[in-house]
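*Asks:*
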Amino acid sequence: MDFLFKSHIGMVRKNNEDYCKGEIIEVGDGSEIGIFAIADGMGGHNKGEVASQLAVENLIEFFNDNLIQNGVVKIDYIEDIIKQAYNTVNSMVYDKSKEDIIYDGMGTTLTLAVVYKNKAYIANVGDSRCYVLKNGGRLEKITYDHSIVEEYVKANIITEEEARNHPDRNKITRAVGTEPVVLVDIYDVDLEEGDKILLATDGLTGAVDREDIEQTLLNTELDDPTQGLVDLANEASGKDNVTVIIVLV
82 MDFLFKSHIG
92 MVRKNNEDYC
102 KGEIIEVGDG
112 SEIGIFAIAD
122 GMGGHNKGEV
132 ASQLAVENLI
142 EFFNDNLIQN
152 GVVKIDYIED
162 IIKQAYNTVN
172 SMVYDKSKED
182 IIYDGMGTTL
192 TLAVVYKNKA
202 YIANVGDSRC
212 YVLKNGGRLE
222 KITYDHSIVE
232 EYVKANIITE
242 EEARNHPDRN
252 KITRAVGTEP
262 VVLVDIYDVD
272 LEEGDKILLA
282 TDGLTGAVDR
292 EDIEQTLLNT
302 ELDDPTQGLV
312 DLANEASGKD
322 NVTVIIVLV
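According to the numbering used here, the stretch in the sequence shown is residues 82 to 330, in order.
(1) Run the CB neighbour count on K128, radius 10 Å, all protein chains shown included, and call it buried at 16 or more, exposed below.
(2) Runs of 3 residues minimum, wholly inside the stretch 90-119: which ones carry the beta strand (DSSP E) assignment?
(3) Which two residues bound the contiguous beta strand (DSSP E) that contains V323?
(4) Contact check, D208 vs T189 under 8 Å by CB: the rounded distance?
(5) State whether the stretch 98-117 contacts the stretch 271-287, with contact taken as three or more CB pairs (one from each stretch) at a distance under 8 Å.
(6) Starting from T192, follow its DSSP beta bridges and name the residues at the other end.
(7) Can you give me the start and stop residues for the beta strand (DSSP E) that I337 sits inside?
(8) Tell me which residues share the same chain as N205 and place their Cβ nearer than 6 Å to its Cβ, disregarding the 5 neighbours each side in the sequence.
(9) Report the option in M92, V154, F84 whose CA atom is closest to the CA atom of T108.
(10) Looking only at its chain, what residues have a beta carbon closer than 6 Å to the beta carbon of L214, apart from the 5 residues adjacent to it on each side?
(11) Quick one: Cα of A118 to Cα of I229, how far?
(12) Going straight from the alpha carbon of E142 to that of A136, what length do you get?
(13) By how many angstroms is the C-alpha of M187 removed from the C-alpha of I90?
(14) Over the uninterrupted alpha helix (DSSP H) stretch that includes E273, give me the two end residues.
(15) Check the C-beta distance from I294 over to L310 and give it rounded, since I have them as a contact under 8 Å.
(16) Flag this pair as yes or no: are the beta carbons of V195 and F144 separated by less than 8 Å?
(17) Kindly identify the DSSP beta-bridge partner or partners of Y197.
(18) What three-state label does DSSP hand I223 in the structure shown?
(19) For T307, verify whether its CB is less than 7 Å away from any heavy atom of the ligand GTP.
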């Protein structure tokens with residue numbers, strides 16, 4: 082397992098409210114576990130960048146402390162641990178937002194991938210996404226956005242293409258840290274050698290077609306596909322921060 086990541090401020094914004102981190106840890110049975118998280122802070126002057134970093138750093142730390150103990154991965158309890166992790170981080174961001182008026186109203190999206198043996202365990206709140214590219218195949222969207230336009234798409238009111246340019250595209254319906262408790266969506270995906278996992282903020286997915294993302298991931302001539310994706314987003318729009326993690330299985 083290996084991973085690449087890239088975060089870019091974009092062509093317009095004055096600060097980067099995205100944040101990402103990944104770790105690959107050797108465990109007692111000789112295998113590896115990968116823990117990857119990506120977040121897109123919200124709040125603008127209310128310190129969205131504080132929310133995203135606080136969420137990602139503490140989510141990774143929570144998994145280090147609770148999923149892996151004495152070199153053993155407690156994978157049978159992964160769903161409960163994910164829920165506990167998200168609620169712990171949600172409380173941290175929420176409490177921080179109440180500390181000082183400058184943090185009032187801040188929150189963040191938060192999308193997670195835990196990769197162990199032949200499985201990926203995916204979780205998300207907000208509209209940062211996880212995709213899986215099967216070896217040489219089609220890019221499959223795993224998560225559903227917690228956003229107004231996603232509800233429109235699911236109801237067949239608009240298409241995915243129309244959603245990218247809809248005036249409500251930035252309105253999310255669920256975030257970490259904006260309420261005392263948070264509901265997290267959890268998925269699991271079977272993996273095979275050669276698969277790729279993509280975590281991305283909406284700076285990419287809100288600007289670039291799925292097909293163009295797929296072709297970039299399939300392009301074996303690219304030394305760094307994360308840079309290729311960032312370039313696509315900046316060329317297509319550049320109005321938002323853009324952050325991506327690619328996990329190579």
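Don't be surprised by glycine CBs; every beta carbon is placed ideally from N, CA and C.
Since this is a predicted model, take the numbers as computed values, not measurements.
*Replies:* This is what the structure holds:
(1) buried
(2) 99-107
(3) 323-329
(4) That pair is no contact at about 11 Å.
(5) yes
(6) I119, N205
(7) Nothing in the structure corresponds to residue 337, since the chain is present only between 82 and 330.
(8) T192, T224, D266
(9) Looking at the sequence itself, residue 108 is Val, so the reference to Thr does not match. Nearest of M92, V154, F84 to V108, Cα basis: V154.
(10) L220, K277, L298
(11) 23 Å
(12) 10 Å
(13) 19 Å
(14) Run containing E273: none; DSSP gives neither H nor E here.
(15) 7 Å
(16) yes
(17) I114, K200
(18) coil
(19) Because no ligand of any kind appears in the structure shown, any question about the ligand GTP cannot be addressed here.
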